[in-house]
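Reading through the structure tokens given below for one structure.
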Amino acid sequence: MGRSMGRSVERSVGRLVDSTPPSRARDVDFLRLASVCVVVLWHWALSIDHFRGGVLVMPNPIARIPFAWLATWLLQVMPVFFVIGGFAHLAAWDAAGRATGSPRDDPARPWGPRARRFLRGRLRRLLPPMAVFAVVWAAVDAVLLLAVPDYPGLLRYGRAVLVPLWFLAAYLGVILVVPVTAAVHRRFGRRFILLLGAVVALVDLARFGTGSTVFGYVNTGLVWVFAHQLGYFWRDGVLRGPRRALLTALCGLAGLALVTTLDEYPRSMVATEGARRGNMFPTTAAIAVLAVFQLGLILLAAPALNRMLARRRPWTAVVTGNAVIMTVFLWHMTALLLAMVTMRAVGLPMPDEPTATWWAGRPLWVILPALFLAPLIVLFAPVERGAAAPRGPARTGPDD
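This is the structure we're talking about:
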């Protein structure tokens with residue numbers, strides 16, 4: 001059965017590779033996959049994963065390693081997800097307009113057949129894997145609560161397993177407002193994103209001035225809409241060319257250097273233990289500036305990436321990875337929890353500091369979770385493939 005499934009997947013990937021049109025933005029697919037890989041490896045190997053008081057915790061070692069915060073300006077890839085999402089969603093929005101015969105964007109009347117077609121397509125891909133993940137973990141948690149006397153429940157014992165859901169909830173939010181944001185982008189372009197950036201900065205000022213976390217939660221939504229909006233400019237091609245790409249990257253870098261001189265914005269783009277606040281949640285304007293910097297780097301790398309991905313072997317690897325990308329993202333923390341429970345059961349060390357023992361164990365912290373993730377992919381990837389399967393005539397274009 002396993003070999004049969006493997007051959008079926010191989011044939012499916014081969015068909016997708018062979019049918020990829022020349023217009024496909026292959027760099028977008030590569031960056032989506034690379035970003036997920038960075039997240040997975042960060043959670044597995046670059047966090048100090050251990051049990052504290054019987055609870056899974058995963059602080060990062062950034063504060064304990066000199067200048068490690070600089071790495072987070074590249075490795076905090078959540079903004080990249082949203083920039084890529086903006087690119088892909090504007091393409092899908094345009095495709096929905098062509099399919100429904102309503103190509104015009106009207107910010108005053110964004111809802112209609114075009115919006116319904118777009119949202120059906122996006123949500124069909126996103127919601128089934130999320131629902132299966134939630135149902136499976138709810139069932140497992142219920143069984144453990146009934147069967148294990150001292151089991152404290154997932155929300156206490158292994159809340160980190162649910163980390164992928166908060167990101168996907170934010171991502172779902174920006175998808176739901178695409179009919180509005182795409183129309184506003186086409187009508188107002190740079191004026192809107194400059195206004196949005198100013199609003200993000202003002203909301204941060206209100207938060208820091210009043211101490212109210214309500215403003216922080218407001219910016220948690222606005223910052224991700226801002227990053228998503230940047231992807232629209234990438235898709236439209238207005239930033240095309242090495243000079244504009246370099247200018248975008250330099251503006252983002254200068255902005256990061258400036259805002260992180262202020263006490264309110266930590267230099268690390270990921271949360272660190274002992275810090276008064278972090279940039280990620282509630283999300284601050286520093287993440288919006290990081291998105292500008294990372295978009296510039298993406299634009300600079302795009303020509304070389306597309307040349308590399310024009311070759312069959314690397315493109316096949318990207319197509320293969322993207323076929324299970326949601327499954328990997330949703331279940332990689334479950335695989336980590338299973339690996340940690342196994343390590344504790346056999347007495348393997350789980351240091352709570354970045355000691356020499358911690359560094360020496362990094363390969364094991366990649367290999368063992370990967371061994372648990374593999375069967376989870378086999379089990380749950382069919383849900384993702386079924387959700388992504390086209391309804392009606394097959395399409396494999398840049399709008400997918």
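Be aware that the sequence shown starts at 1, since it is given in UniProt numbering, and climbs by one per residue.
Note that the Cβ used here is the ideal one computed from N, Cα and C, for glycine as well.
Fair warning: this is a prediction, and the values are worked out from it, not measured in the lab.
First and last residue of the alpha helix (DSSP H) that includes residue i?
{"i": "residue 87", "result": "78-100"}
{"i": "residue 217", "result": "213-236"}
{"i": "residue 157", "result": "154-157"}
{"i": "residue 242", "result": "242-259"}
{"i": "residue 174", "result": "163-176"}
State yes or no: is the C-beta of residue i nearer than 7 Å to some heavy atom of the ligand SAM?
{"i": "residue 364", "result": "Summarising the ligand content, the structure contains no ligands, and the ligand SAM is consequently not present."}
By the three-class DSSP mapping on this structure, what secondary structure does residue i have?
{"i": "residue 56", "result": "strand"}
{"i": "residue 281", "result": "coil"}
{"i": "residue 404", "result": "This structure cannot speak to residue 404, because the chain is shown only from 1 to 400."}
{"i": "residue 51", "result": "strand"}
{"i": "residue 308", "result": "helix"}
{"i": "residue 65", "result": "coil"}
{"i": "residue 409", "result": "The structure shown does not extend to residue 409, since the chain is modelled only from 1 to 400, so the question has no answer here."}
{"i": "residue 210", "result": "helix"}
{"i": "residue 150", "result": "coil"}
{"i": "residue 347", "result": "coil"}
{"i": "residue 114", "result": "helix"}
{"i": "residue 35", "result": "helix"}
{"i": "residue 352", "result": "coil"}
{"i": "residue 203", "result": "helix"}
{"i": "residue 24", "result": "coil"}
{"i": "residue 289", "result": "helix"}
{"i": "residue 239", "result": "coil"}
{"i": "residue 273", "result": "coil"}
{"i": "residue 323", "result": "coil"}
{"i": "residue 19", "result": "coil"}
{"i": "residue 361", "result": "coil"}
Does the Cβ-Cβ distance between residue i and residue j come in under 8 Å?
{"i": "residue 267", "j": "residue 42", "result": "no"}
{"i": "residue 30", "j": "residue 234", "result": "no"}
{"i": "residue 203", "j": "residue 222", "result": "yes"}
{"i": "residue 291", "j": "residue 79", "result": "yes"}
{"i": "residue 293", "j": "residue 252", "result": "yes"}
{"i": "residue 174", "j": "residue 218", "result": "no"}
{"i": "residue 115", "j": "residue 179", "result": "yes"}
{"i": "residue 129", "j": "residue 333", "result": "no"}
{"i": "residue 242", "j": "residue 337", "result": "no"}
{"i": "residue 355", "j": "residue 17", "result": "no"}
{"i": "residue 340", "j": "residue 150", "result": "no"}
{"i": "residue 183", "j": "residue 110", "result": "yes"}
{"i": "residue 286", "j": "residue 260", "result": "yes"}
{"i": "residue 160", "j": "residue 58", "result": "yes"}
{"i": "residue 117", "j": "residue 131", "result": "no"}
Step through the CB atoms of chain D and report whether any lies within less than 8 Å of the CB of residue i.
{"i": "residue 21", "result": "As a matter of chain content, chain D is missing from the structure shown, which is built from one protein chain."}
Quick check: what's the CA-CA separation for residue i versus residue j?
{"i": "residue 200", "j": "residue 371", "result": "42 Å"}
{"i": "residue 314", "j": "residue 215", "result": "44 Å"}
{"i": "residue 36", "j": "residue 152", "result": "30 Å"}
{"i": "residue 133", "j": "residue 331", "result": "8 Å"}
{"i": "residue 66", "j": "residue 265", "result": "18 Å"}
{"i": "residue 295", "j": "residue 228", "result": "11 Å"}
{"i": "residue 94", "j": "residue 232", "result": "11 Å"}
{"i": "residue 391", "j": "residue 71", "result": "Confidence at residue 391 is low in this model, with a pLDDT of 49, below 50, so its placement is unreliable and no value can be given for it."}
{"i": "residue 258", "j": "residue 269", "result": "14 Å"}
{"i": "residue 82", "j": "residue 188", "result": "20 Å"}
{"i": "residue 278", "j": "residue 319", "result": "35 Å"}
{"i": "residue 282", "j": "residue 11", "result": "44 Å"}
{"i": "residue 362", "j": "residue 344", "result": "16 Å"}
{"i": "residue 52", "j": "residue 146", "result": "24 Å"}
{"i": "residue 351", "j": "residue 39", "result": "21 Å"}
{"i": "residue 138", "j": "residue 375", "result": "20 Å"}
{"i": "residue 364", "j": "residue 342", "result": "12 Å"}
{"i": "residue 126", "j": "residue 329", "result": "12 Å"}
{"i": "residue 382", "j": "residue 322", "result": "13 Å"}
{"i": "residue 61", "j": "residue 46", "result": "7 Å"}
{"i": "residue 208", "j": "residue 288", "result": "17 Å"}
{"i": "residue 311", "j": "residue 84", "result": "22 Å"}
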